[in-house]
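Visitor: Structure incoming, see below.
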Amino acid sequence: MGLLILKIWLWLRSFFHPRIRELGTPLSHRFFVWPLDLDENLHMNNSRYLNYMELARWDLNIRSGFLKYALKNGIMAPVLNTAIVYRRSLGPLQTFNVHTQLVARRGQSLFVEQTIERHGKLYAVAVIELRAVRRGSTLDVDELLNTVGLTFTPPPAGIDGLLDDSTALMKQLLQRAQQRFG
12 MGLLILKIWL
22 WLRSFFHPRI
32 RELGTPLSHR
42 FFVWPLDLDE
52 NLHMNNSRYL
62 NYMELARWDL
72 NIRSGFLKYA
82 LKNGIMAPVL
92 NTAIVYRRSL
102 GPLQTFNVHT
112 QLVARRGQSL
122 FVEQTIERHG
132 KLYAVAVIEL
142 RAVRRGSTLD
152 VDELLNTVGL
162 TFTPPPAGID
172 GLLDDSTALM
182 KQLLQRAQQR
192 FG
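In this note's numbering, the protein residues as written are 12 to 193.
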């Protein structure tokens, strides 16, 4: 139920933020560790990191106009793969930031890099692989982006060359995130 409330809050908040046309634009969101986010060790449960990352991607979908187009045309963008490294634990009532950026496109997949940080320190980093599908068929990414009126320019330090080697990918992601957040 809490996730639904946060999605509604993000949807309402999106009316006051600029529309995104370039999907490589980095986005940041500030969240708060609620008591119900905690596990028995009194730190944020690992699954909640992924929930907050989903909320950040939800905002990207809303602000880019993709969600509206997808709902009208019966399109879904399911997560195919998630690779995540946890570095630190978040405690009760702490604020934290989720940074989201589309970093690569390969074939029919889009890859989103997401980091969770607090006060400049890295807490988690993940790469999420997404695809757009309609009635079980994968859609062409370029055609979809053009139809919705979006562009994607990979960032200069992209991860495209690492996508075939998951171990190298995770090491590189961790190094990139540590350079930014320590």
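Quick reminder that beta carbons are idealized off the backbone N, C-alpha and C, glycines included.
1) Is the beta carbon of V138 sitting closer than 7 angstroms to the one on Y63?
2) According to DSSP, simplified to helix, strand and coil, what is W51?
3) Could you name each continuous beta strand (DSSP E) segment of 3 residues or more that falls completely within the region 51-127, going from the start of the chain to the end?
4) Quick check: the region 95-106 against the region 42-59, are at least 3 beta-carbon pairs closer than 8 angstroms?
5) Could you say if the region 71-83 and the region 150-162 meet the contact criterion of at least three C-beta pairs nearer than 8 angstroms?
6) Is T162 helix, strand or coil by DSSP?
7) Using CA coordinates, which residue listed in W22, D50, Q186 is at the minimum distance from A135?
8) Specify, as a first and last residue, the run of the beta strand (DSSP E) that I16 falls within.
9) Excluding the 5 residues flanking R99 on each side, which residues of the same chain have their C-beta closer than 6 angstroms to its C-beta?
10) Can you name, in chain order, every residue of its own chain whose Cβ lies under 6 angstroms from the Cβ of L155, other than the five neighbours on each side?
11) Taking just the CA atoms, how far does L141 sit from L91?
12) Does the beta-carbon distance from L34 to F122 come in below 7 angstroms?
13) Is M55 buried or exposed, if buried means 16 or more other CB atoms sit within 10 Å of its CB?
14) My assumption, with CB atoms under 8 angstroms, is that D70 sits in contact with L21. Please give the rounded CB distance.
15) Excluding the 5 residues preceding and the 5 following E124 in the sequence, name in chain order all residues of the same chain whose CB lies nearer than 6 angstroms to its CB.
16) Can you say whether I19 is buried or exposed, counting buried as having 16 or more other CB atoms within 10 angstroms of its CB?
17) Roughly how many angstroms separate the alpha carbons of N25 and T126, rounded to a whole number?
Guide: Taking the geometry as given:
1) Working through the sequence shown from its first residue, we reach residue 138 at position 127. Working through the sequence shown from its first residue, we reach residue 63 at position 52. Against a cut-off of 7 angstroms, the Cβ pair of Y63 and V138 comes out as no contact.
2) Here residue 51 refers to the residue found at position 40 when the sequence shown is read from its first residue. The amino acid occupying residue 51 in the given sequence is Glu; Trp does not appear at that position. E51: coil per DSSP, three-state reduction.
3) 90-97, 106-117
4) yes
5) yes
6) Here residue 162 is taken as the residue at index 151 of the sequence shown, counted from 1. Three-state result, T162: strand.
7) Looking up residue 135 in the sequence shown gives position 124. A135 has its Cα closest to that of Q186, out of W22, D50, Q186.
8) Here residue 16 is taken as the residue at index 5 of the sequence shown, counted from 1. Not the beta strand (DSSP E): I16 falls in the alpha helix (DSSP H), residues 13-25.
9) For the purposes of this step, residue 99 is identified with residue 88 of the sequence shown, where counting begins at 1. Result list for R99: Y134, in chain order.
10) Taking the sequence shown and counting its residues from 1, the one referred to as residue 155 is at position 144. Here the set comprises A143.
11) Taking the first residue of the sequence shown as 1, we reach residue 91 at position 80. Taking the first residue of the sequence shown as 1, we reach residue 141 at position 130. Distance between the alpha carbons of L91 and L141 is about 6 angstroms.
12) The residue labelled residue 34 in the question sits at position 23 within the sequence shown. The residue labelled residue 122 in the question sits at position 111 within the sequence shown. Their beta carbons are not under 7 angstroms apart, which means L34 does not touch F122 by this criterion.
13) As a working mapping, residue 55 is identified with position 44 in the sequence shown. With 16 or more Cβ atoms within 10 Å of its Cβ, M55 is classed as buried.
14) In the sequence shown, residue 70 corresponds to position 59, counting from 1. In the sequence shown, residue 21 corresponds to position 10, counting from 1. Sure, about 5 angstroms apart at Cβ, within 8 angstroms.
15) Residue 124 sits at position 113 when you count from the first residue of the sequence shown. Q112, V114, V138, listed in sequence order.
16) Here residue 19 refers to the residue found at position 8 of the sequence shown. Exposed, by the Cβ-count rule.
17) Against the sequence shown, residue 25 aligns to sequence position 14. Against the sequence shown, residue 126 aligns to sequence position 115. First, the amino acid is wrong: residue 25 is Ser here, not Asn. Near 21 angstroms, if we compare the C-alpha coordinates of T126 and S25.
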